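In full-length UniProt numbering, the protein residues as written are 1 to 408.
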């Protein structure tokens with residue numbers, strides 16, 4: 001898989017100082033950080049393969065095949081038949097050496113995942129892994145919908161199932177990864193949060209070899225309080241939502257811990273704007289310089305100004321990647337992860353010295369070798385996966401060219 005494969009050669013030359021490289025899926029950190037904008041695809045569609053092809057045309061790099069919240073229980077059998085079709089589709093792509101997005105399945109419970117792996121067998125290896133909803137580290141007395149694994153933590157059961165499946169695969173096969181989604185009441189409620197975070201950290205250490213990264217479920221956490229953020233607010237403007245999610249990053253993405261994980265940002269669930277309570281959040285000047293005011297208008301009408309702001313806040317709060325619900329969000333989110341030319345030069349400067357302090361190429365900031373090294377190494381990984389913009393190019397230019405490709 002490689003980002004921005006939908007762009008033309010001419011567009012790639014225009015945009016990139018360094019282009020995105022192919023992801024080595026055997027390198028866990030590289031794989032985890034390359035997911036970008038992950039989009040859900042409910043499996044109860046009559047034309048699921050055509051939907052997947054459309055998402056690929058939009059530049060989708062990671063797709064979560066949904067058998068959980070998005071599927072009515074009465075349609076589950078039909079959705080599982082569709083999963084078989086998707087597995088056949090992926091197998092044909094691989095037989096023909098075709099690049100394709102990462103595919104994950106989201107089951108309804110640990111037992112449901114175990115049942116799928118048992119019934120569908122080694123054909124499940126064509127998936128990158130499973131997104132694990134309602135993931136908890138602490139022991140729970142709740143019984144799942146399939147009446148199994150009662151009085152035990154859902155997280156432990158999910159990961160035990162995945163570990164057992166990986167042990168059944170031949171040594172040449174890629175790992176079937178677990179991607180826990182943290183969205184439980186025990187994370188939302190501050191009285192239980194610390195013990196739950198400790199339990200999650202313990203599970204992460206125990207099963208680090210099968211956990212790709214973590215995701216957070218803001219929608220479920222919002223439900224505990226009966227709130228929902230509108231298109232005019234980012235998640236960081238609600239402390240009820242942002243505090244528990246940032247605590248997850250603090251505990252699981254700690255680079256001092258031997259087993260540090262990426263945590264993907266919460267879902268952005270808005271598209272198509274009619275009325276606006278607050279003034280737009282997109283400055284006009286970057287668009288005016290590029291004579292792209294029509295694009296700015298489109299971004300505002302599609303509620304993407306809020307998404308842009310939230311992705312930038314995700315990054316500064318330690319998240320990496322984003323869950324989206326609409327295909328039009330994919331290229332925008334991924335374009336925001338391309339490294340600006342100036343940041344790339346700063347990272348090179350930091351990594352070029354063992355000690356001491358330097359100034360940025362633009363002479364507007366300080367580059368310290370020791371405290372900025374971890375940041376610089378992450379920038380270099382991002383540059384490898386998403387590329388580096390040419391000097392003077394930004395996400396607007398990338399998104400505009402991606403839109404042109406889709407509209408052709």
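Idealized CB from N, CA, C, for every residue including glycine.
As the structure is a prediction and not an experimental result, all values here were calculated from the model.
Here residue 66 is buried: its Cβ has 16 or more other Cβ atoms, across all protein chains shown, within 10 Å. With respect to the C-alpha of residue 137, the residue from 168, 203, 85 having the closest C-alpha is 203. The DSSP-derived three-state label of residue 320 is coil.
Note on geometry: alpha-carbon atoms of residue 2 and residue 30 lie some 12 Å from one another. Non-local beta-carbon contacts of residue 17 in its own chain, meaning distances under 6 Å to residues more than five positions away in sequence, involve 341, 388, 390 in chain order. Here residue 110 carries a helix assignment [DSSP, helix/strand/coil]. Less than 8 Å separates the beta-carbon of residue 253 from that of residue 263.
The stretch 90-105 makes no contact with the stretch 160-170: fewer than 3 CB pairs, one atom from each, lie closer than 8 Å. Proximity to residue 232 across 245, 271, 222, 219 peaks at 271, based on C-alpha coordinates. Around the Cβ of residue 371, a 10 Å sphere holds fewer than 16 other Cβ atoms; the residue is exposed. By the Cβ-count criterion, residue 40 is buried, with 16 or more other Cβ atoms from all chains shown falling within 10 Å of its own Cβ. Per DSSP, reduced to three states, the secondary structure at residue 124 is helical.
In the DSSP assignment, residue 244 is bridged to no other residue.
Counting only residues of its own chain and dropping the five nearest sequence neighbours on each side, residue 208 has a CB closer than 7 Å to the CB of 259.
The Cβ-Cβ distance between residue 87 and residue 61 does not fall below 8 Å.
For residue 48, the enclosing alpha helix (DSSP H) covers residues 48-57. Considering only 306, 78, 201, 314, the residue with the shortest C-alpha distance to residue 257 is 201.
Take residue 380, set aside five residues on each side of it, and the residues of its chain with a beta-carbon closer than 6 Å to its own are 347, in chain order. Under the three-state reduction of DSSP, residue 62 is assigned to strand. Assigned with DSSP and collapsed to three states, residue 354 falls in coil, not helix or strand. Distance from the CA of residue 384 to the CA of residue 74, rounded to the nearest whole angstrom, comes to 44 Å. Between residue 313 and residue 234, the beta carbon gap of about 6 Å places them in contact (Cβ cut-off 8 Å). Beyond the five residues adjoining it in sequence on each side, residue 248 comes within less than 8 Å, by CB distance, of 182, 187, 197, 200, 214, 216, 263 in the same chain, given in chain order. Put simply, the backbone Cα of residue 116 is about 50 Å away from that of residue 352. Within the same chain, Cβ atoms closer than 7 Å to the Cβ of residue 175 are found at 166, 210, the five residues on either side in sequence being excluded. One thing to note: residue 57 has its Cβ within 8 Å of the Cβ of residue 6.
Contact holds between the stretch 309-325 and the stretch 237-251, because three or more Cβ pairs, one in each stretch, are under 8 Å apart. Here the alpha carbons of residue 93 and residue 85 stand approximately 13 Å from one another. The C-beta of residue 72 has fewer than 16 other C-beta atoms within 10 Å across all chains shown, which makes the residue exposed. Just so you know, the alpha carbons of residue 133 and residue 374 end up roughly 31 Å apart. In the structure shown, residue 23 falls within a coil segment according to DSSP collapsed to helix, strand and coil. Note on geometry: alpha-carbon atoms of residue 162 and residue 13 lie some 42 Å from one another.
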